[in-house]
Amino acid sequence: MTTEPSAFRQMTDAGLLAAAAAGSHAGFAEIVSRHYQPVYRLVWRMTNGGADAEDVAQEAFVKLWKNPAQVREAGALKGWLMRVAANAVVDRSRKPRAGALEEAPEVIDPTARPDAPLARAQAARLVDRRIAELPERQRLALSLVYFEGMTNIEAAAVLEVSVDALESLLARARRGLKDSLSAEWRDLLGGLAETGQ
């Protein structure tokens, strides 16, 4: 007897993991549908919008497909996927890369006024760049809590640290961002005020 694809949408993560372990493509597809976007957003943030963000996010799901039984607690599936994806980002960042596009020098617009406030998109890119410059664990903690909306307890579980250690990572990340953005804060605020934010 086969399960209708719509029935998978009603299943818990535990049921979907069991279906995937039994080889159900539809069950696994529902896992991907349910959890892909948060995993991708985390990878995108950690790589500063890197071109390979989609590939890295998919690696986590491929690892799950190969062995669904490695997830010991079905309730922690999302955290497991995020941890695997974050580890893949860290692993890739340690490998030497040949001339990444992100490392190319920025082309300066000769018509732009140097004293003009940053537009909202430019401000967001600047903040994203500064986040990408943070140490890996601080960047991951910040992404999980502030961009993925996880509680400190959930984020600590993903990072496999205590809640106190997570809060320390967050405090250091916020302090690092504040310090790195201190020179541009007037431009950032001016750019946001100009766009009505």
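Sequential numbering of the sequence shown, starting at 7, is according to the numbering used here.
In this text, a Cβ means the ideal position worked out from N, Cα and C, and glycines have one as well.
Item: Simplified DSSP state of residue 141, which is helix, strand or coil; Value: coil
Item: Sequence ranges, alpha helix (DSSP H) only - wholly within the region 138–188, length at least 4; Value: 142–148, 158–165 and 169–187
Item: Residue 161 versus residue 177: straight-line alpha-carbon distance, rounded; Value: 14 Å
Item: Buried or exposed by the 16-neighbour rule on C-beta atoms within 10 Å, applied to residue 12; Value: exposed
Item: Segment limits, alpha helix (DSSP H) that includes residue 44; Value: 31–52
Item: Residue range of the unbroken alpha helix (DSSP H) whose run includes residue 64; Value: 59–72
Item: Contact under 8 Å by Cβ, residue 148 with residue 140; Value: yes
Item: Three CB pairs or more closer than 8 Å across the region 74–84 and the region 22–41; Value: yes
Item: Coarse secondary structure for residue 123, derived from DSSP in three states; Value: Residue confidence for residue 123 is low, a pLDDT of 46 falling below 50, so the modelled location carries little weight and cannot support an answer.
Item: Span of the alpha helix (DSSP H) around residue 84; Value: 83–100
Item: Contacts around residue 203, its chain only, beta-carbon distance under 6 Å, and the 5 residues preceding and following it disregarded; Value: Because residue 203 carries a pLDDT of 44, less than 50, the predicted location of this residue cannot be relied on, and no value is offered for it.
Item: Helix, strand or coil at residue 28 according to DSSP, with G and I counted as helix; Value: coil
Item: Which listed residue (33, 132 and 144) has its alpha carbon closest to that of residue 48; Value: 144
Item: Simplified DSSP assignment, three categories, for residue 133; Value: helix
Item: DSSP three-state assignment for residue 21, whether helix, strand or coil; Value: helix
Item: Coarse secondary structure for residue 13, derived from DSSP in three states; Value: helix
Item: Residue 90 and residue 142 closer than 8 Å at C-beta; Value: no
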